[in-house]
Amino acid sequence: MVRLVVVLLLVCGVVVGCGAAEPEGPFPPRPAEIDVSKLDLCSLLTPAQRAQLSVDEGEPGSVVLPEGPSRTCTWPDNDAVISYAVQTISEPASTAVGASDSSSEIIGGFGAVRVTADAESTPLCEFYLDAGDADTLRVQVQAVGYGDDGKPLAMTRVCEQARSLAGFVVGNARAGHG
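The opening residue of the sequence shown carries number 1 in this note's numbering; numbering runs sequentially from there.
Rendered as structure tokens:
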């Protein structure tokens, strides 16, 4: 009987131990919470980063989404080929998990969902960044013009630019810029 109790305790301990290691959501723990309500979105790119992306100062805006009001900042590039934007969304980034053409990534230590669309016409690459329990920063990069060959830019290039923008945004938001 004692042996049976010891075996049951070991099995229960293993089961409980395994359950405790499971993540609570689709993303790793955030390195910090980002209070998106306090961000000046157009200040999330430094002058050096804007020069690297070949964009001028951002243009603030707002839109109403089904989730509620949303603030935006857009930076069209100087060559009119790529448009860059960041937007606040009042719902968790995890709601984007499982969207068509999506995958999960980590950017600057934050969980992110990458979503792509319109690969053959105007490639769009978005990252939904897990900024907080109920807030998301959405970074969007879209090819709005054509490359030197007269064709739409490749989705890989658009997503590389989106990943760079997302890295700048979370890095600067964590550092208190914006």
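Positions of the beta carbon are idealized from the N, C-alpha and C atoms, including for glycine.
Keep in mind that this is a model prediction, so the values were computed, not measured.
Kindly indicate the opening and closing residues of the alpha helix (DSSP H) around T156. M155 to R174
Identify whether R50 lies in helix, strand or coil by the three-state DSSP scheme. helix
Under a Cβ-count criterion, where at least 16 other Cβ atoms within 10 Å of its own Cβ denotes burial, should Y84 be classed as buried or exposed? buried
In chain order, each beta strand (DSSP E) run of at least 3 residues that lies wholly inside the region 50-136: 59-65, 68-76, 82-89, 102-107, 110-117 and 124-130
Member of E160, A166 and Q52 whose CA lies at the smallest distance from the CA of N78: Q52
Can you tell me whether S43 sits near the ligand PLP, meaning its C-beta is under 7 Å from at least one heavy atom of the ligand? In terms of ligand content, the structure shown is empty, and the ligand PLP therefore cannot be addressed.
Roughly how many angstroms separate the alpha carbons of D133 and V97, rounded to a whole number? 15 Å
Compute the distance between the beta-carbons of C159 and T116, then report whether it is under 8 Å. yes
Could you say which of R50, V86 and F110 lies nearest to G25 if we only look at CA atoms? F110
Nearest-angstrom Cβ-Cβ length linking A173 and L65, presumed shorter than 8 Å: Not really, about 20 Å apart at Cβ, beyond 8 Å.
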